[in-house]
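*Asks:* Residue numbers (our numbering): 50 to 184.
Beta carbons are placed, not taken as given, at the ideal position from N, Cα and C, and that holds for glycine.
This structure is in structure tokens; I'll ask about it shortly.
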Amino acid sequence: METCNDPNCPIHGSLKTRGRSFSGTVIESKAQKTATVEWQRTYYLSKYERSEKRRSKLKAHNPECLNAKKGEIVKISECRPLSKTKHFVILEKVGKDIAFMEREELIEESKVKAKPAKSEQTEEQKQWNQSKQEL
Ligand SMILES: [Zn+2]
């Protein structure tokens, strides 16, 4: 196991965990030692007698030794508040969220494709405007 000097590391530091724990996918890890973790939960609607998928998202401390990256599945646990918005810490990496990575790739692809599509539209509009003028 790697060591680290992070005092807020649940393994090498003195941070104690307590309370709720979840596992979710890291969707953002740009900020230093902070990761945004998202997971799905089912929300039961008694009125319609069925449940619906909802997403929960929160910020968790990303210890130096774990350094979880976007798309990785992690276990998080509640701890004392580390900052205004952080009161969860990543305990371990569980694996990779392949579905999430594929979705991200699709989003990236659609961004690339969206650009030429726009110019096509304006080209169509030009032709449309021209044909109107001709009439
Ligand atoms: Zn550590």
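Specify which residues have a beta carbon nearer than 5 Å to any heavy atom of ligand 1, listing them in chain order.
*Replies:* Working through the chain, the matches are CYS53, CYS58, ILE60, HIS61, PRO112, CYS114.
*Asks:* If ILE122 sits next to SER72, beta carbons under 8 Å apart, how far is it from one beta carbon to the other, in whole angstroms?
*Replies:* Indeed they touch by this definition, with Cβ atoms about 6 Å apart.
*Asks:* Of the choices LYS119, THR134, GLU172, whose alpha-carbon is the least far from that of PHE149?
*Replies:* If we check each option's Cα against that of PHE149, LYS119 comes out closest.
*Asks:* Under a Cβ-count criterion, where at least 16 other Cβ atoms within 10 Å of its own Cβ denotes burial, should THR85 be classed as buried or exposed?
*Replies:* THR85 comes out buried.
*Asks:* Hey, could you find the ends of the beta strand (DSSP E) HIS110 is sitting in?
*Replies:* Residues 99–110.
*Asks:* Return the CA-CA distance between ILE156 and THR91, expressed in angstroms with no decimal places.
*Replies:* Approximately 25 Å between the Cα atoms of the pair.
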